[in-house]
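*Asks:*
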Amino acid sequence: MLKKTILSLSLLMLMPSAQAHRQWLLPSSTQIDAKEAWVTIDGAVSENVFDFDTNALSLDNLDVIAPDGSQIKAEAAIKTKFRSSVDIKLPQKGTYKISQNAQSVMATYRLNGEEKRWRGTEEKMAQEIPADATDIKVSRTYSRLETYVTNDTANDTVLKATGTGLELVPLTNPTELFAQETTRFKVLLEGKPVPDSKVSVIAGGVRYRGVLNEITAVSDKDGIISIKWPFAGMYWLKAAYPQLPDMVDGKRPPMPEKRYSYAATVEVLLP
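As numbered in mature numbering (1 follows the signal peptide of the UniProt record, and there is no 0), residues -20 to -1, 1 to 251 make up the sequence shown, in order.
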């Protein structure tokens, strides 16, 4: 019992001291070869990626782009405490992009001499911030979550940049990634390359490793990053623009007027 207690304490000491809540989409498989192809997508918010430990992520606004560029609908949506799930029928052969875009608004203001904080949607801001509030400062966050699935044979139609928001565009098909190989992505903001952008790469299974083992890739002058996958498994990629400033005297400087975030889930296969 004493040995088990010491081991448990050691693993806790190795865990990240301040874990953030992360949003992600998780496909049941990224490569499907079946007479009638389907995939299930789970969505959640959690401390450890791909662990169902905090809240479900709403999948009401999920976009599914088929290999020919058309949109199709997800089916059989359910939501529980820790996860949301949808089923998607894949009638075409090729690669599908499954994504969700969202916008949130944060504001600070002063009312009767006190500083107040507010968070919600663009539509509710005018209704819920008092008319006599002063020193109103607003920050808008645009977020994008993505994952990719291939039915039978991969193609690249859905890999094209949309030209809106922050994107991590794969330069090789993201359903054909292999351990110990290197993959390149291009970081774009509103369709333009973003140099010196830090992209975080985290493999699933943190609770069993006891350490985060985060990989950080930095984009070059053309916005391109290179990632060498250390082992097979599901990976979570995260980028943000601009990077949040460091804390000063225990306080973070004001948020920028616009902030963009991007996260993707990819599967890395055995070679």
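Note that CB positions come from ideal geometry on N, CA and C, so glycine has one too.
(1) Can residue 221 and residue 148 be called in contact, C-beta distance under 8 angstroms?
(2) Distance, Cα to Cα, residue 23 vs residue 215?
(3) Only counting the same chain, and skipping five residues up and downstream in sequence, which positions put a Cβ closer than 6 angstroms to that of residue 165?
(4) For residue 12 versus residue 42, is the C-beta distance shorter than 8 angstroms?
(5) With contact counted as at least three CB pairs below 8 angstroms, one residue from each stretch, are the stretch 45 to 52 and the stretch 198 to 213 in contact?
(6) Rounded to whole angstroms, what is the Cα-Cα separation between residue 97 and residue 125?
(7) What's the C-alpha gap between residue 127 and residue 31?
(8) Given this structure, state the Cα-to-Cα distance separating residue 120 from residue 248, to the nearest angstrom.
(9) CA-CA distance, residue 239 and residue 194?
(10) Given a threshold of 16 other Cβ atoms within 10 Å of its Cβ, counted over all protein chains shown, does residue 15 qualify as buried or as exposed?
(11) Would you kindly work out how many angstroms separate the C-alpha atoms of residue 115 and residue 5, rounded to a whole number?
(12) Would residue 29 and residue 2 be called neighbours here (beta carbons separated by less than 8 angstroms)?
*Replies:* Here's the rundown:
(1) no
(2) 15 angstroms
(3) 148, 150, 205
(4) no
(5) no
(6) 26 angstroms
(7) 17 angstroms
(8) 33 angstroms
(9) 23 angstroms
(10) exposed
(11) 38 angstroms
(12) yes
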